[in-house]
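Engineer: In my numbering, the protein residues as written are 5 to 410. The C-beta atom is built at its ideal place from N, Cα and C for all residues, glycine as well. Before we start, here is the structure in question, set down as structure tokens.
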């Protein structure tokens with residue numbers, strides 16, 4: 005699985021002074037003046053300018069909510085009828101507010117343009133979070149609020165096949181479906197070239213044009229890989245399409261394609277890892293996510309750098325507790341209750357450190373095999389590299405300072 009990254013945002017926080025929240029302009033109304041009972045007065049239709057002004061007002065309010073941690077204000081910017089989508093937005097908001105970087109919040113959103121979509125929705129191109137976002141809005145009682153289409157509104161599922169994949173998608177994503185299929189083939193070729201292994205099974209690729217269609221487990225996810233439990237049958241990769249709230253920000257100059265390709269490389273690495281190397285269920289999450297981020301070159305550099313500067317490195321093994329329900333470390337990465345994006349960046353760094361100092365990618369797979377056999381990290385480190393856990397941890401932390409501090 006791959007989680008949305010704070011890297012672009014962290015870069016913006018490091019490189020720029022905080023942006024002041026813009027004053028919220030009044031939301032235009034379309035209420036006709038009082039008229040005699042028998043006269044006929046047409047209700048004015050909202051103009052493009054008035055719609056854009058209303059969306060900008062919502063964006064300003066949304067930014068203020070993130071900057072101040074005001075969840076009640078956040079809820080006022082979301083369509084009250086979009087239950088699943090509301091959970092997504094609130095989940096990401098709460099995760100950020102509980103994390104290590106909330107004190108640096110300096111969100112600001114500026115509307116670039118809008119495009120009319122079906123069912124009364126408009127697609128907005130928004131500048132914010134250090135990049136570009138594709139968010140959908142709908143008019144609710146005179147206000148234009150963040151929203152997404154329902155499962156019924158995205159259209160009937162469409163299935164197509166290629167040599168390596170079966171694709172499931174929806175008419176709502178027709179503008180990007182073809183390009184996503186091409187990127188998936190390119191990602192497959194890249195992973196096979198880097199890892200030197202080709203899996204012997206197809207993959208089912210599901211493109212999600214809205215959160216309500218098939219919400220992934222966890223509000224922070226951009227994509228996920230699911231291993232098939234059957235001996236015969238495809239593994240599944242689920243990805244959110246561009247121009248969805250779940251997809252997150254992408255670079256304004258490069259557009260969404262490089263960001264999505266990186267995500268597809270990450271997810272297909274999981275498939276190759278699981279089918280051609282040590283099964284992913286036999287190693288800790290930091291190994292599976294770390295190798296996927298490493299192959300995808302997803303270092304989350306600025307996020308990790310800030311953590312190193314602030315001495316907020318998530319420990320590999322937390323010495324304070326052994327309770328798997330309470331422990332907050334990378335060895336129990338799935339149990340983290342905050343800073344999961346940072347955990348992905350640190351997992352990348354662990355794999356990069358191993359590759360650089362303990363025998364390349366072959367060294368990583370050697371450690372994975374040792375862990376599969378021993379199921380204890382200190383024992384696996386000794387078997388694979390001839391070092392103690394303390395020696396490995398000290399070396400990794402020193403390497404972090406060398407690589408990430410200016």
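So, helix, strand or coil for residue 369, using DSSP?
Structural biologist: Note: residue 369 maps to helix in three-state DSSP.
Engineer: So, helix, strand or coil for residue 70, using DSSP?
Structural biologist: DSSP places residue 70 in helix when its eight states are reduced to three.
Engineer: Would residue 303 and residue 356 qualify as a contact pair, given that the criterion is a beta-carbon distance under 9 Å?
Structural biologist: Taking 9 Å as the Cβ cut-off, residue 303 and residue 356 qualify as a contacting pair.
Engineer: If contacts are defined as beta-carbon pairs under 8 Å, then residue 125 and residue 59 qualify, I think. What distance do you get, rounded to the angstrom?
Structural biologist: About 12 Å; that fails the 8 Å criterion.
Engineer: Using the beta-carbon count (16 or more within 10 Å), is residue 64 buried or exposed?
Structural biologist: By the 10 Å Cβ count, residue 64 comes out buried.
Engineer: Can you give the beta carbon distance from residue 114 to residue 132, rounded, assuming they're within the 8 Å contact cut?
Structural biologist: The pair is a contact, with the Cβ atoms about 7 Å apart (cut-off 8 Å).
Engineer: Go through the segment 192-268 residue by residue and report every complete run of the beta strand (DSSP E) that reaches 3 residues or more, in order.
Structural biologist: The segment 192-268 contains these whole beta strand (DSSP E) runs: 207-212, 225-230 and 239-244.
Engineer: How many Å lie between residue 290 and residue 394 at the Cα?
Structural biologist: Those two C-alpha atoms are separated by around 18 Å.
Engineer: Distance check for residue 231 and residue 274, CA to CA, integer angstroms please.
Structural biologist: Taking the straight line joining both Cα atoms gives about 9 Å.
Engineer: Quick check: the Cα distance between residue 300 and residue 197, rounded to an integer number of angstroms?
Structural biologist: The straight-line gap from Cα to Cα measures roughly 12 Å.
Engineer: Suppose the cutoff is 6 Å on Cβ atoms and the five residues either side in sequence are ignored; what does the same chain contact list for residue 210 look like?
Structural biologist: The residues are 172 and 242.
Engineer: With DSSP run on the structure shown, which of helix, strand or coil describes residue 409?
Structural biologist: Residue 409: coil per DSSP, three-state reduction.
Engineer: Report the residue from 185, 287 and 158 whose alpha carbon sits nearest the alpha carbon of residue 169.
Structural biologist: For residue 169, the nearest C-alpha among the options comes from 185.
Engineer: Which residue or residues does DSSP assign as beta-bridge partners of residue 162?
Structural biologist: Answer by DSSP bridge pairing, in chain order: 173.
Engineer: From residue 335 to residue 270, what distance separates their C-alpha atoms?
Structural biologist: Rounded to the nearest angstrom, the two C-alpha atoms are 20 Å apart.
Engineer: For residue 180, I'd like the list of residues in its chain whose CB is within less than 7 Å of its CB, leaving aside the five on either flank, ordered along the chain.
Structural biologist: So the list reads 245 and 246, once near-sequence residues are dropped.
Engineer: I believe residue 251 touches residue 276 by the beta-carbon criterion, under 8 Å. Please report the beta-carbon distance rounded to the nearest angstrom.
Structural biologist: Not really, about 24 Å apart at Cβ, beyond 8 Å.
Engineer: Assign residue 330 to one of three DSSP states: helix, strand, or coil.
Structural biologist: In the structure shown, residue 330 sits in coil (DSSP, three-state: anything other than H, G, I, E or B).
Engineer: Using a Cβ-Cβ cut-off of 8 Å (strictly less than) and excluding sequence neighbours within five positions of residue 399, which residues of its own chain qualify?
Structural biologist: Excluding residues within five positions, the ones whose Cβ falls inside 8 Å are 357, 361 and 391.
Engineer: Check residue 143 in the structure and name its three-state DSSP category.
Structural biologist: Here residue 143 sits in strand by DSSP.
Engineer: Out of 214, 72 and 85, state which residue places its alpha-carbon closest to the alpha-carbon of residue 102.
Structural biologist: Of the listed residues, the one whose Cα sits closest to residue 102 is 72.
Engineer: For residue 316, which residues of its own chain have a beta-carbon under 6 Å away from its beta-carbon, when the five flanking residues on both sides are left out?
Structural biologist: Within the same chain, residue 316 has close Cβ partners 104.
Engineer: Work out the CA separation of residue 193 and residue 87 for me, nearest whole Å.
Structural biologist: Computed Cα separation, rounded: 38 Å.
Engineer: Expressed to the nearest angstrom, what Euclidean distance is found between the alpha-carbon atoms of residue 258 and residue 383?
Structural biologist: So the alpha carbons of these two residues sit roughly 44 Å apart.
Engineer: Specify the secondary structure class of residue 128 as computed by DSSP and reduced to three states.
Structural biologist: Reduced to three states, the DSSP call for residue 128 is strand.
Engineer: Cβ of residue 254 within 9 Å of Cβ of residue 213?
Structural biologist: No, Cβ-Cβ distance for residue 254 and residue 213 is not below 9 Å.
Engineer: So what's residue 376 in DSSP terms, helix, strand or just coil?
Structural biologist: If DSSP states are grouped into helix, strand and coil, residue 376 belongs with the helices.
Engineer: Can you name, in chain order, every residue of its own chain whose Cβ lies under 6 Å from the Cβ of residue 199, other than the five neighbours on each side?
Structural biologist: 276, listed in sequence order.
Engineer: Quick check on residue 120: buried or exposed, where buried means 16 or more other Cβ atoms within 10 Å of its Cβ?
Structural biologist: It counts as exposed.
Engineer: Helix, strand or coil: how does DSSP classify residue 282 here?
Structural biologist: Looking at residue 282 - three-state DSSP - the assignment turns out to be coil, as it is neither helix nor strand.
Engineer: Below 7 Å CB to CB, which residues in the same chain sit around residue 353 once its five sequence neighbours on both sides are set aside?
Structural biologist: 308 and 404.
Engineer: Use the C-beta contact count for residue 237: other C-beta atoms within 10 angstroms, 16 or more gives buried, fewer gives exposed.
Structural biologist: It is exposed - the Cβ of residue 237 has fewer than 16 other Cβ atoms within 10 Å.
Engineer: Is residue 220 buried or exposed, if buried means 16 or more other CB atoms sit within 10 Å of its CB?
Structural biologist: Result: buried.
Engineer: DSSP three-state call for residue 135: helix, strand or coil?
Structural biologist: Three-state result, residue 135: strand.
Engineer: Using the beta-carbon count (16 or more within 10 Å), is residue 256 buried or exposed?
Structural biologist: That one is exposed.
Engineer: Looking at residue 351: is its Cβ nearer than 9 Å to the Cβ of residue 294?
Structural biologist: Against a cut-off of 9 Å, the Cβ pair of residue 294 and residue 351 comes out as a contact.
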